[in-house]
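Trainee: Sharing a structure with you now.
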Amino acid sequence: MKFFDQVKLHTKKIPRGRVASYGQIAAMISTPRAARMVGWCLHTMDGLSDVPWHRVINSKGYITTNCETHTSSVQKQLLEQEGVKFIKKDGLWWTDMKRYQWRSRESEV
DNA sequence: GAGCTGACAATAG
DNA sequence: GCTATTGCCAGCT
């Protein structure tokens, strides 16, 4: 099992209408500081995979994507379709992590 | 084959 | 409490 594969698996486990942080995913893979890899992993998916990459944001609840294929607007829209409310904060889309952050049993361990 | 890059997070000062 | 630096590991050049 490679790092990327684990990121995909955990990302796919995120339920609809819920979001997770990069660090959270990284922590599930037993590598809390590999949050950068999580984000980059999702970038390589490029939407071609069946992985809900839009459900992964940074720990502050901000969308920090500016790629052509992953603009903040796109990610925000995908999440809003799932019931996640977004607010424009400091020029970036922000969501309340306290309400929408996914709490899996594995992440609690 | 080696070095650089990359959607962040945590620790130290 | 806030700012700056280090760490993470696989893909890309």
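Those letters in the first sequence? Residues 42 to 150, by my numbering.
Even glycine gets a Cβ: it sits at the ideal position worked out from N, Cα and C.
Can you tell me whether Thr112 is helix, strand or coil according to DSSP?
Mentor: DSSP places Thr112 in strand when its eight states are reduced to three.
Trainee: Going by beta-carbon coordinates alone, are Gly64 and Pro73 separated by less than 8 Å?
Mentor: Result yes, Cβ atoms of Gly64 and Pro73 sit closer than 8 Å.
Trainee: Is it buried or exposed, Arg96, if we count other Cβ atoms within 10 angstroms and call 16 or more buried?
Mentor: Answer is buried; the Cβ neighbour count reaches 16.
Trainee: Hey, could you find the ends of the beta strand (DSSP E) Trp81 is sitting in?
Mentor: Looking at the DSSP string, Trp81 is not in any beta strand (DSSP E); the run it does join, the alpha helix (DSSP H), is 76–86.
Trainee: From the DSSP output, which residues share a beta bridge with Asn107?
Mentor: Looking at the DSSP assignment, Asn107 forms a beta bridge with Thr112.
Trainee: Starting from Ile128, trace the beta strand (DSSP E) in both directions and tell me its first and last residue.
Mentor: Unbroken beta strand (DSSP E) run through Ile128: 128–130.
Trainee: Please report how far the alpha carbon of Leu120 lies from the alpha carbon of Thr136, in whole angstroms.
Mentor: Taking the straight line from one Cα to the other gives about 10 Å.
Trainee: Does the distance from the CB of Lys49 to the CB of Val92 come in under 8 Å?
Mentor: Going by C-beta atoms, Lys49 is nearer than 8 Å to Val92.
Trainee: Across which residues does DSSP place Ser62 in a beta bridge pair?
Mentor: Ser62 pairs with Ile98.
Trainee: Do you know whose CA, among Ser62, Thr52, Lys43, lies nearest Met138's CA?
Mentor: For Met138, the nearest C-alpha among the options comes from Ser62.
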